[in-house]
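Chains as they are written, first to last, in the UniProt record's numbering: chain L, 1 to 395; chain W, 1 to 468.
Pasting the structure below:
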């Protein structure tokens, strides 16, 4: 890797004059990424049954993998021997890994968070206790070798009422950031993103963002949202965060992937998103379309010989009918692959449309059209009206 | 569609050609060959996009009615044939009754009907219902309905009943076929039933082989399908298959179906069988194995197959088979596939299928080349010795496993060195458990089907279920 060049260059190409939306090119060690970008989640070093050739065909430029899973299997030793995850999984474009902290809290019973790290009991074998420290998280992420890696953060449920705990978590997240930065062995090849915490408390979130901005980092994540809080609370925190974070660095909103949320949050100035939703819903037989989603299990598709979406040029829509998909969804694994392919093509197309409209200077018009397609009766939820009004779009 | 064959010897290896296919006039297919096995109309794990990435030659897809029966209603209104409907219009379609990779439960006959064990439950079909489906599917090729519920242990009464049922289906189906406009261009294959009883087979052949419209014959009723067929001994089959072949018209296509191992395939090719299927690749993939047997008698490699679940492949970054030109071997390693199969990711069986089908089709290419050169026996010798050596290792391991199982009777510990323990903690994420939700039935079925998985694997899979 070239040591003289920064492992992340962020060139803003166009900014919306009405909203906070912008489109940029992010240059990473494993390639260019056009933003705003949706990053699909390939948890265990694979994108739910898609070959890397297919992911490239879809136009994916960056995907996410989960540190906790990869650290468990195949583990650091194998990943290092393989020469990192890119080589291991035959994916030559950009990768991002999370810190593993979120899985600890969300999946494992009896997780206990101390200043040292996240202590948890493994579910397998002998119920031994393991502590995931910031140093350990970075060690695994260094072995995986993703272009962008995440600091370990202290996650509190967004709906938690415990102010003392939220405050502690916010400050601890910054302390852990410093430990992560110190433990990072490949600063010339991998970028650590700090995570802005503070749940729904505006004051704490401001403090968190400002503290992280003092560190030498090349991008920021907005964390601790999309965890069951109301949409009214959600957008306000995103809006607040993007107001504070510097304009010349990418902003990554974690765990967001519904089309409507993507459109709103792009307007609020977010550049990167990730979510398991498109591939997960595919496995349940749901296909994404501009007007919402189709549950192909429903009887009405049994003799529907049209493609999922006439306007989609993905390989699934070019070859398969809703009727055939109806007969195989949730039964045969090929149906998962077919719907995952379509749903990812849908996300890519949506983001491309957003990028193009920002470039062409008609992003506000795009947003208005998108919302009226989705809500033909104009019964817009209030959080959408309010959030867009905050960036000067009137529905 | 026309079939022609080069060999005039009654019972011996032969080269043939399928051509003048109405839908694909420029296509011709050489035999002996294997049709691509599908379930629910798809090659397991392979979408059309992936199929196009890996296949550049003409293929026949084998479509068992048992896994596509519920398509009929939609197909009646669909403008197109079954290959179009399942998104494989590049291929020739061939409809069969039962699924060669799934065990067909014996019995449950009812008057003039045979049971189809579909996902939606048992469906009794007779000649009329069968032909309704065939007319709706409009396949390029199809087998006539038969009573194939016989095996080496069947009683004389059962085999003679199977034959009389098959004869009556034959008559009724052919009557319908001859009148049918939509099936005018379909290549129809008669079925010879009768288990391992010479007399029954003769009765069936006598009744069925007088019709000129029939383009070929399926020698049916040799087994009840499913993974057990892999280990059925060729010696058991040979006398009856030879007997039937000698009585069949020479110029017609001869098919046999089932997941035969390559050694048995070679024996059957030696007798003059033209058409097989790739269900063997499917059952192999389901137990996470990859074919590596030699396609070249000079080859130094002596490993018949690899079980990618084994721990030894965790840090093995070679391709499955060096020199193999399939997409899997050119881009992905044993170590990666080991990872995928141990964490039960969908890409694992996909990559294995690509390799296994590729290797199996290469095997048939080699067979044709050897028939041409008169070197089939050398190939047979080489593959047989690899296969036997591998079986010996497997048997030894299994004996060891059985002994230690007895010793550790009531313990839940892993005793198998053949299937290393999978780490369940990696499957606890919601994301992964959803997979097991959606495919619960398949997973359980696969476990039952898997003749070589050990108790441990079953336990692992159950644990996954209980977590979800």
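Here a beta-carbon is modelled for each residue, glycine too, at the ideal position from N, C-alpha and C.
Environment of residue i [buried if 16+ CB atoms lie within 10 Å]
i	result
residue 143 of chain L	buried
residue 345 of chain W	buried
residue 9 of chain W	exposed
residue 108 of chain W	exposed
residue 156 of chain W	exposed
residue 134 of chain L	buried
residue 424 of chain W	Caution is warranted here: a pLDDT of 34 is assigned to residue 424 of chain W, below 50, making its placement in the model unreliable, and the coordinate value is therefore given only provisionally. So residue 424 of chain W counts as buried.
residue 73 of chain L	buried
residue 454 of chain W	The pLDDT assigned to residue 454 of chain W is 34, lower than 50, so where the model puts this residue is not dependable, and the model offers no usable value.
residue 182 of chain W	exposed
residue 77 of chain W	exposed
residue 26 of chain W	exposed
residue 246 of chain W	exposed
Beta-carbon gap between residue i and residue j smaller than 8 Å
i	j	result
residue 216 of chain W	residue 12 of chain W	no
residue 281 of chain L	residue 379 of chain L	no
residue 137 of chain L	residue 101 of chain L	yes
residue 88 of chain W	residue 277 of chain W	no
residue 243 of chain W	residue 293 of chain W	no
residue 66 of chain L	residue 103 of chain L	yes
residue 93 of chain W	residue 81 of chain W	yes
residue 317 of chain W	residue 333 of chain W	yes
residue 132 of chain L	residue 145 of chain L	no
residue 158 of chain L	residue 199 of chain L	yes
residue 22 of chain L	residue 393 of chain L	no
residue 230 of chain W	residue 283 of chain W	yes
residue 153 of chain L	residue 195 of chain L	yes
residue 290 of chain W	residue 306 of chain W	yes
residue 204 of chain W	residue 241 of chain W	no
residue 54 of chain L	residue 31 of chain L	no
residue 353 of chain W	residue 281 of chain W	yes
residue 478 of chain W	residue 220 of chain W	Limits of chain W in this structure are 1 at one end and 468 at the other, which puts residue 478 of chain W out of reach.
residue 295 of chain W	residue 362 of chain W	yes
residue 230 of chain L	residue 48 of chain W	no
residue 88 of chain L	residue 59 of chain L	no
residue 20 of chain W	residue 1 of chain W	yes
Distance between residue j and residue i (C-alpha atoms, nearest Å)
i	j	result
residue 312 of chain W	residue 78 of chain L	12 Å
residue 358 of chain W	residue 69 of chain W	28 Å
residue 349 of chain W	residue 42 of chain W	14 Å
residue 218 of chain W	residue 86 of chain W	24 Å
residue 449 of chain W	residue 226 of chain W	For residue 449 of chain W, the pLDDT reaches just 36, beneath the cut-off of 50, and the residue's location in the model is therefore unreliable, leaving the point undetermined.
residue 125 of chain W	residue 404 of chain W	47 Å
residue 103 of chain W	residue 119 of chain W	13 Å
residue 214 of chain L	residue 128 of chain L	38 Å
residue 165 of chain L	residue 156 of chain L	8 Å
residue 326 of chain W	residue 369 of chain W	20 Å
residue 309 of chain L	residue 289 of chain L	7 Å
residue 60 of chain W	residue 193 of chain W	23 Å
residue 264 of chain L	residue 388 of chain L	7 Å
residue 207 of chain L	residue 279 of chain L	35 Å
residue 311 of chain L	residue 339 of chain L	16 Å
residue 13 of chain L	residue 90 of chain W	44 Å
residue 250 of chain W	residue 301 of chain W	38 Å
residue 150 of chain W	residue 223 of chain W	6 Å
residue 313 of chain L	residue 136 of chain W	29 Å
residue 228 of chain W	residue 101 of chain W	9 Å
residue 476 of chain W	residue 128 of chain W	Chain W is shown only over 1 to 468; residue 476 of chain W falls outside these bounds and no answer can be derived.
residue 175 of chain L	residue 341 of chain L	40 Å
Chain-ordered chain A contacts of residue i [CB-CB under 9 Å]
i	result
residue 74 of chain L	Of the protein chains in this structure, namely L and W, none is chain A.
Mind listing, in chain order, the continuous beta strand (DSSP E) runs of no fewer than 3 residues lying wholly within the stretch 94-174 of chain L? 94-97, 118-121, 129-132 and 148-150
Residues of the stretch 74-90 of chain W with Cβ closer than 7 Å to any Cβ of chain L, in chain order: 74, 77, 78, 85, 86 and 87
Enumerated in chain order, which unbroken segments of the beta strand (DSSP E) with a length of 3 residues or greater are wholly contained in the stretch 266-321 of chain L? 272-275, 286-289 and 292-295
Please give me, in chain order, every unbroken run of the alpha helix (DSSP H) with length at least 4 that falls completely inside the stretch 33-117 of chain W. 48-54, 72-77 and 82-85
For the stretch 213-262 of chain W, list the alpha helix (DSSP H) runs that are entirely contained and at least 4 residues long, ordered along the chain. You should have 234-247.
Complete runs of the beta strand (DSSP E) confined to the stretch 306-370 of chain W [at least 3 residues]: none
Name the residues in the stretch 273-289 of chain L whose C-beta lies less than 8 Å from a C-beta of chain W; which are they? 276, 280, 283 and 284
Along the stretch 337-366 of chain L, where does the CB come closer than 8 Å to a CB of chain W? Name the residues. Of all residues in the stretch 337-366 of chain L, those with a C-beta nearer than 8 Å to a C-beta of chain W are 337, 338 and 341, reading in chain order.
Along the stretch 32-55 of chain W, what residues have a CB closer than 9 Å to any CB found in chain L? 39, 40, 41, 42, 43, 44, 45, 46, 47, 48, 49, 50, 52 and 53
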